[in-house]
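Going by my numbering, the sequence shown opens with residue 6, and the numbers climb by one from there.
Backbone N, C-alpha and C define an ideal beta-carbon position, used for all residues, glycine too.
As the structure is a prediction and not an experimental result, all values here were calculated from the model.
Just below is one structure, and these are the notes that go with it.
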Amino acid sequence: MHYPKIELKNIGKTRNGTVVLRDINLKFMPEGRHIIVGPSGAGKTTLLRLLNRMDDPTTGDITFDGSRLKNIPVLDLRKKVGMVFQIPVVFEGTVKDNLLVPYGLRTVTGSVDDNELIKALELSGLQAEFLNRNASELSVGEKQRLNVARALINKPEVLLLDEPTSALDSESANKLLHSVKELNEVLGLTVIMVTHQMEQARFFGGTIIHLASGTVVRVEESLQDRKVLTLVDTGSR
């Protein structure tokens, strides 16, 4: 029997008196691909931020492998749940310096095997020669791949992506999406991605979660190869 990697029970979020999320009940299964879609202001990013405690729910409970999320030390949780943001974050220095950030060893040389860093680069779609390049000189698409590589350094079990292609051209976006899909298929990472583009959601296959006005309105199980969509009524208003 497969238990959820992450489960949300009766989740609500209120911010400054405004209800952002309400009555959210979701299960994110191990090694699955889960895509959250919906219009601007639907609560997609807020929902994603709850999953690695960048924010906390006002009501309800979240579990990770059966343990309550709020009982897991934040740093331990974020090693298991990596996140890639909408706009790539790049620090001063080389690509290697950026990859060392999760270790807290940016100023220490020789403390980490370069092969580990190169492996993370290659998994994200960048070649080994990028390691010593100036990170500020990378293209936007390469910077976003670097962010994916940095998220992989801690060998996470879950990868969260908040509209990771929104700042990319179509070619760079397609390359990034293929790399993320391969991470799911090759490493067995549980992938949870926010997007507003249905074509991206259907390319990924897996579970497509539709949000509107802070609540889940329906869930699609997308059988990508056969291009069949099964609608699941969540019973939400």
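Endpoints, alpha helix (DSSP H) assigned at residue i
| i | result |
| --- | --- |
| Thr51 | 49–55 |
| Glu147 | 145–157 |
| Val247 | In the structure displayed, the chain extends from 6 to 242; residue 247 sits before or after that span and is not available. |
C-alpha gap between residue i and residue j, whole angstroms
| i | j | result |
| --- | --- | --- |
| Ser177 | Thr170 | 8 Å |
| Lys14 | Thr212 | 18 Å |
| Pro62 | Asn76 | 14 Å |
| Arg38 | Gly87 | 15 Å |
| Val145 | Ala217 | 30 Å |
| Ala206 | Ser175 | 15 Å |
| Thr19 | Asn137 | 45 Å |
| Ala47 | Arg27 | 11 Å |
| Glu127 | Val221 | 36 Å |
| Asn30 | Ala125 | 33 Å |
| Thr50 | Asn103 | 24 Å |
CB-CB length for residue i against residue j, believed under 8 Å
| i | j | result |
| --- | --- | --- |
| Ile16 | Gly65 | 4 Å |
| Thr195 | Glu36 | 6 Å |
Same chain, Cβ closer than 6 Å to residue i, neighbours up to 5 away in sequence not counted
| i | result |
| --- | --- |
| Val191 | none |
| Asn189 | Arg38, Val196 |
Neighbourhood of residue i by C-beta, 7 Å cutoff - its chain only, sequence neighbours within 5 removed
| i | result |
| --- | --- |
| Val106 | Phe96, Arg155 |
| Ile92 | Ala172 |
| Val233 | With a pLDDT of only 36 at Val233, under 50, the local geometry of the prediction cannot be trusted, and the value read off the model is given with reservation. So no residue of the chain qualifies. |
| Asn159 | Lys84, Gly87, Pro107 |
| Phe33 | Pro9, Lys10, Ile11, His39, Thr195, Ile197 |
Host beta strand (DSSP E) of residue i (start-end)
| i | result |
| --- | --- |
| Asp28 | 23–33 |
| Asn189 | Taken as a continuous stretch (DSSP letters only), Asn189 belongs to no beta strand (DSSP E), as it is neither H nor E. |
Residues of its chain near residue i, where Cβ-Cβ distance is below 8 Å and the 5 sequence neighbours each way are ignored
| i | result |
| --- | --- |
| Ser141 | Val95, Glu97 |
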